[in-house]
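**Student:** Quick one: the structure is below, questions incoming.
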Amino acid sequence: MDPMQDLRIGLGMDSHRLESGGPLTIGGVKLDYPFHFVGHSDADVLLHAITDAILSSANLPDIGELFPNNLPENKGRDSADFLKAAVALFRDQGWVLVQLDCVIEMERPKLSPHKGEMSIRIGEILGIEPDRIRIKGKTGEGVGEIGRGELARSTCIALAYRPG
Ligand code: MG
């Protein structure tokens, strides 16, 4: 590694409850599925984890500090707006986003048919190539709140560097 490069990682994690009534918005993609995430914004669990990972890698305030969930202007808001604002702040500080590695823990629906579309959409939002974004789906093996389909959780690591 070039010692002149400032290389950092950031970890983001989020979870949201599911309630009946579709569609399901995840990774910026609307899936035809009869449940949706519950939250103040559109509650896109993957975009929230990515937003926090990117902010954390640059030692910036987290999503809850930047976009409080008690502000009316954030109600029902498209989480792509949060992510765009976060990456703009990140770039303002001179950071370059190298890679995102993400996990979604969710019992249903099966995510593998949709992972490619999510990577493309997230790449568009962030202005990076989709092959720098890896998304993995995991079930809860039928156990606990994730296994019963009541909750979804997403975890993401961002790798950032700032040229010296
Ligand atoms: Mg959230």
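Read in our numbering, the sequence shown has 36 at position 32, and its numbers run on one by one without any break.
Even for Gly, the Cβ is constructed at its ideal location relative to N, Cα and C.
1. Anything with a beta carbon under 5 Å from a heavy atom of the ligand MG counts; list them all in chain order.
2. Beta-carbon within less than 6 Å of Ala90's beta-carbon, same chain only, minus the 5 sequence neighbours each way: which residues are those?
3. Just list the residues that DSSP pairs Lys79 with in beta bridges.
4. Just to confirm, are Leu22 and Leu104 a CB contact at a threshold of 8 Å?
5. Determine whether the Cβ of Thr143 lies closer than 8 Å to any Cβ atom of chain C.
6. Just to confirm before moving on: does the CB-CB distance between Asp48 and Ser19 stay below 8 Å?
7. Quick check on Asp122: does DSSP put it in helix, strand or coil?
**Tutor:** This is what the structure holds:
1. A Cβ closer than 5 Å to some heavy atom of the ligand MG marks a residue here, and those residues are Asp18, His52.
2. Hits under 6 Å: Thr55, Ile58, Leu59.
3. Answer is none; Lys79 lacks a bridge partner.
4. no
5. Considering every chain present, this structure includes no chain C. It has just one protein chain.
6. no
7. Reading off the sequence, residue 122 comes out as Met, not Asp. Three-state DSSP puts Met122 in a helix.
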